[in-house]
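At position 78 of the sequence shown (counting the first as 1) the number is 71 in the numbering used here, and the numbers step up by one without a gap.
Worksheet for the structure shown next.
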Amino acid sequence: MQQKQDTIQQVEINATEAGSLAKVSNSEKTSNQFGDVKNQFLETFSELPAIISGFFGQYKKPILTLVTVVGLIITFKVILAVLESLNDIPLLAPTFELIGIIYSGWFTYRYLIRASNRQELSAEIKAWKEQILGNRPSDS
């Protein structure tokens, strides 16, 4: 206890003399800073359409590719969800399987058994390919 009292120093305070403080006009500095920030924000915001159009013009193909891929993924997931929900209905799953088996049998009978029908199928596939991809000379 005595050690604590030894380390405490006495400080004299004279309350009769008052010092003068310098007054700072914060309102001017604050309004100037606010005006600068506001002007900078408005300038950047007014240039935003030009920035966006320049960005889109520069990266048009990658953006369109990305949007197309994302759209295809979303479409694929929605189709799978619809098919899964239809597959959960009790009599529809076996009906779909039966339709698939019947169609596979018909396709085999119609196009794959005879050579003339296989040539017809090959010609149809080549015609569809030319319609989709255009007339290109074959590399082989």
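Ideal Cβ placement from N, Cα and C applies to all residues, glycine included.
Between the CA atoms of residue j and residue i - distance to the nearest angstrom
{"i": "Leu91", "j": "Lys119", "result": "30 Å"}
{"i": "Phe49", "j": "Tyr104", "result": "48 Å"}
{"i": "Gly64", "j": "Asn128", "result": "29 Å"}
{"i": "Phe69", "j": "Ile95", "result": "26 Å"}
{"i": "Gly28", "j": "Ser39", "result": "16 Å"}
{"i": "Phe34", "j": "Thr23", "result": "16 Å"}
{"i": "Glu123", "j": "Pro42", "result": "42 Å"}
{"i": "Gly93", "j": "Leu59", "result": "34 Å"}
{"i": "Asp81", "j": "Lys54", "result": "41 Å"}
{"i": "Ser78", "j": "Ser97", "result": "24 Å"}
Sequence-distant residues of its chain with Cβ nearer than 8 Å to residue i (five each side left out)
{"i": "Ile56", "result": "Phe49"}
Span of the alpha helix (DSSP H), counted from its first residue to its last, around residue i
{"i": "Glu117", "result": "Ala108 to Leu126"}
{"i": "Phe105", "result": "Correcting the residue type first, residue 105 is Leu in the shown sequence and not Phe. Looking at the DSSP string, Leu105 is not in any alpha helix (DSSP H), and its letter there is neither H nor E."}
{"i": "Val71", "result": "Lys53 to Asn80"}
Contact set for residue i: own chain, Cβ-Cβ below 7 Å, skip 5 residues either direction
{"i": "Asn110", "result": "Arg103 and Tyr104"}
{"i": "Leu114", "result": "Tyr104"}
{"i": "Arg107", "result": "none"}
Status (buried if at least 16 other CB within 10 Å, exposed otherwise) for residue i
{"i": "Glu5", "result": "exposed"}
{"i": "Ser133", "result": "Only weak support is given to the placement of Ser133: the predicted model assigns it a pLDDT of 49, under 50, and the value that follows is read from those uncertain coordinates. When all chains shown are included, Ser133 counts as exposed."}
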